[in-house]
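Written out as C-alpha cells, the structure reads:
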C-alpha cells in the first residue's frame, strides 16, 4: 500500500479516535444538535454505544491496512465508505435529520462530514493497487484463482 494511502487511513483512524473520545467522555458536545432533551444516563449510554462502533471501525481499518493484497483491502474500505455515504449521510438527509428536529446547518455539517469521509475512503480504495508482481504474490493469485 502506498504511503500516501496509509497516511490517509491513519488520519481516518485518528478521526475515529477523536469521535470515540468525545462520544465516551463528553457526549453532550454532540447531543446538543439533536434536541433530545436532558442528557440522561440512557442517552449517555446510547452515545457510548455509538462510540463502540467507532472502536470497531478503528480495528477493522487497522486489519485492512495489514492485508497483503489490495483487492482484499479494497473490499473492507469500500464497505466502510458505503456505510458512511448511505447509512449515515443519506439516512440523515432523507429522514432522520428532519424527524429529530436538527437544524439545517447541523444536518448539513453532520451529513456533509459523513459524505466527505465516505468519498475519501472510495478514493483510497480506487487508488490502492498492488504494485509488485513478485513470484510470491503471483503464486498466491494462481492458488486463489484455482479455488
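In the working numbering, the protein residues as written are 3 to 149.
The beta carbon of each residue, even a glycine, is placed where N, CA and C say it ideally should be.
Computed from a predicted model, the values in this text were never measured in an experiment.
So, with DSSP's three-state summary, where would you put residue i?
i: residue 167; result: Residue 167 is absent from the structure shown; the chain starts at 3 and stops at 149.
i: residue 2; result: Past the boundaries of the shown model lies residue 2; the chain is included only from 3 to 149, so the question cannot be answered.
i: residue 2; result: Residue 2 lies beyond the range of the chain shown here (3 to 149); nothing can be said about it.
i: residue 138; result: Residue confidence is low: residue 138 scores 49 on pLDDT, short of 50, so the model does not pin down where it sits. No coordinate-derived value is stated.
i: residue 10; result: helix
i: residue 28; result: coil
Would residue i and residue j qualify as a contact pair, given that the criterion is a beta-carbon distance under 8 Å?
i: residue 67; j: residue 124; result: no
i: residue 15; j: residue 60; result: yes
i: residue 57; j: residue 78; result: no
i: residue 130; j: residue 72; result: yes
i: residue 116; j: residue 74; result: no
i: residue 52; j: residue 27; result: no
Based on Cα-Cα distance, which residue from the options lies nearest to residue i?
i: residue 83; options: 119, 18 and 29; result: 119
i: residue 111; options: 36, 48 and 19; result: 36
i: residue 80; options: 3, 113, 128 and 132; result: 128
Can you determine whether any heavy atom of the ligand ZN sits closer than 7 Å to the C-beta of residue i, and answer yes or no?
i: residue 30; result: In the structure shown, the ligand ZN is absent, as is every other ligand, since no ligand is present at all.
Checklist entry - Which runs of the alpha helix (DSSP H) spanning at least 4 residues fall entirely within the segment 30 to 110, listed in chain order? => result Note on the segment 30 to 110: whole alpha helix (DSSP H) runs with a minimum of 4 residues are 30 to 33, 43 to 68 and 72 to 84, in chain order.
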